[in-house]
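In the working numbering, the protein residues as written are 548 to 989. Yeah, the Cβ is synthetic: ideal placement off N, Cα and C, and Gly gets one too. No experiment lies behind these values; they were computed from the predicted model shown.
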Ligand SMILES: [Ca+2]
Ligand SMILES: [Ca+2]
Ligand SMILES: [Ca+2]
Ligand SMILES: [Ca+2]
């Protein structure tokens, strides 16, 4: 009797343990399923927010196109159109550009690619004057883009790159993005971007905390930036005048009568006929020609845009002296700080008439210096960069694209659409926080 009861107790206990286990398993399963459903629902909402952000970014690209088309003549419009917190769909977009004078404040708008040094056409002397450029990298860029196999001092050709752990050939062709310098001997992201890890031109917390988070910065309270914001590979202009007519190649024999006709519009026929032999002489560029003709500044200003010294349909890599920042002007051959100050002063005087010319540099520089930069400068811009951040209205998703637009042709075309989401949210962090909490942005 006693034995039976003990067996009964044992069986009940076993049943109880099994029941507890089943209940535990069921409970945890239901928790897992519950979480799974919540995760699925959240993922679906996040997916919808992501789609929304992507659509807003597409809209922002169209917006940039429209802004560029609005610009009359051959310039790029930098009018005070809204580029900050522009509402679109259920969200917003920003078109950001670095504020090169101020690492505390964001700046918005399109960035002018012709206001930068072109890595494909700049001389080694010009490259060397870029902020944080090294002799090794400057010479290696020359070897990287030139088609020959001769190694410049400190440079490198294929024999160097083929001995790397992951070998590749020297490109021996023009760079297609500025980031390509990371593949070039001596190139690294600290030289290219400096401390501006997220490329927004603003000193962010992680860019001023030394080694605590990437990048390795010097935590000196100021953004020590690299040369990224000062370089391009895109600047190019069609060899036509402001009205879109092909320019006249002064050096070409069959153009002599057109040149004479053109000169007669600004000087007397006798004077023009006297000048003709001089046009056939040797001179480095149109500024040199201006001095050698002895024509007045007013007269030559009226014809310079219609003249060229090449039959090429496109001229690449010229720096727009009407828009280039101080550090870029300083890279032009032979110029020192005093020259650049004089240029900026003269430019400010001229800026009211929205000049697309560049002969005005002769008013600020000596004859020798003006001729020295004459082959590297222009007064016009045709390519713009739009650094676009788009966010969904609920702040759950954002995306960032770096887009380069070329307006040498109609309609304009996109030369680059580079995703930059991996750099994280690069505007004021409170914007995202406010949107996520259902508040107003500011
Ligand atoms: Ca080469
Ligand atoms: Ca930054
Ligand atoms: Ca850091
Ligand atoms: Ca610093």
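Residue i and residue j closer than 8 Å at C-beta
i: residue 937; j: residue 600; result: yes
i: residue 633; j: residue 688; result: no
i: residue 992; j: residue 737; result: Here the chain comprises residues numbered 548 to 989, so residue 992 is not present and cannot be evaluated.
i: residue 728; j: residue 739; result: yes
i: residue 868; j: residue 905; result: yes
i: residue 654; j: residue 694; result: no
i: residue 786; j: residue 860; result: yes
i: residue 929; j: residue 742; result: no
i: residue 942; j: residue 667; result: no
i: residue 917; j: residue 893; result: no
i: residue 806; j: residue 836; result: no
i: residue 745; j: residue 970; result: yes
i: residue 934; j: residue 644; result: yes
i: residue 792; j: residue 973; result: no
i: residue 690; j: residue 717; result: yes
i: residue 878; j: residue 602; result: no
i: residue 571; j: residue 606; result: no
Per-residue DSSP class, three states only, for residue i
i: residue 665; result: strand
i: residue 780; result: coil
i: residue 621; result: Annotation note: pLDDT 42 at residue 621 (below 50); position unreliable, coordinate value reported separately. Coil.
i: residue 774; result: coil
i: residue 880; result: coil
i: residue 698; result: coil
i: residue 907; result: coil
i: residue 692; result: helix
i: residue 679; result: coil
i: residue 999; result: Since the first residue of the chain shown is 548 and the last is 989, residue 999 is not available in this structure.
i: residue 644; result: strand
i: residue 846; result: helix
i: residue 965; result: strand
i: residue 548; result: At residue 548, the pLDDT of 47 sits below 50, so the modelled position is not reliable; the number obtained from the coordinates is stated separately. Residue 548 falls in the coil class under three-state DSSP.
Euclidean distance between Cα positions of residue i and residue j
i: residue 762; j: residue 722; result: 25 Å
i: residue 704; j: residue 726; result: 18 Å
i: residue 968; j: residue 945; result: 8 Å
i: residue 709; j: residue 702; result: 14 Å
i: residue 950; j: residue 781; result: 12 Å
i: residue 925; j: residue 880; result: 14 Å
i: residue 642; j: residue 765; result: 29 Å
i: residue 802; j: residue 809; result: 11 Å
i: residue 902; j: residue 824; result: 30 Å
i: residue 613; j: residue 842; result: 40 Å
i: residue 822; j: residue 789; result: 25 Å
i: residue 604; j: residue 866; result: 29 Å
i: residue 908; j: residue 698; result: 36 Å
i: residue 921; j: residue 615; result: 27 Å
i: residue 956; j: residue 819; result: 35 Å
i: residue 711; j: residue 675; result: 25 Å
i: residue 982; j: residue 639; result: 10 Å
i: residue 556; j: residue 567; result: 16 Å
i: residue 683; j: residue 700; result: 8 Å
i: residue 757; j: residue 771; result: 12 Å
i: residue 583; j: residue 986; result: 29 Å
i: residue 958; j: residue 617; result: 12 Å
i: residue 560; j: residue 569; result: 14 Å
i: residue 775; j: residue 650; result: 15 Å
i: residue 562; j: residue 577; result: 22 Å
i: residue 630; j: residue 779; result: 22 Å
Sequence-distant residues of its chain with Cβ nearer than 7 Å to residue i (five each side left out)
i: residue 854; result: 794, 795, 797 and 833
i: residue 777; result: 663, 664, 677, 678, 874 and 875
i: residue 637; result: 599, 939 and 940
i: residue 990; result: Because residue 990 is not part of the residues shown, which for the chain are 548 to 989, the question remains open.
i: residue 751; result: 745
i: residue 919; result: 880 and 881
Cβ neighbours of residue i in the same chain (closer than 6 Å, five flanking residues each side left out)
i: residue 647; result: 872
i: residue 760; result: 753
i: residue 978; result: 988
i: residue 814; result: 846
i: residue 537; result: Residue coverage of the chain in this structure runs from 548 to 989, which leaves residue 537 outside it and unanswerable.
i: residue 696; result: 704
i: residue 652; result: 646
Beta-carbon contacts of residue i that lie in its chain and below 8 Å, excluding the five residues immediately before and after
i: residue 681; result: 733 and 738
i: residue 965; result: 724, 948, 949 and 950
i: residue 931; result: 611, 615, 623, 657, 658, 659, 660, 951, 952 and 954
i: residue 914; result: 838
i: residue 849; result: 812 and 813
i: residue 890; result: 868, 876, 882, 908, 911 and 912
Any chain C beta carbon closer than 8 Å to residue i
i: residue 804; result: The displayed structure is made up of one protein chain only, and chain C is not part of it.
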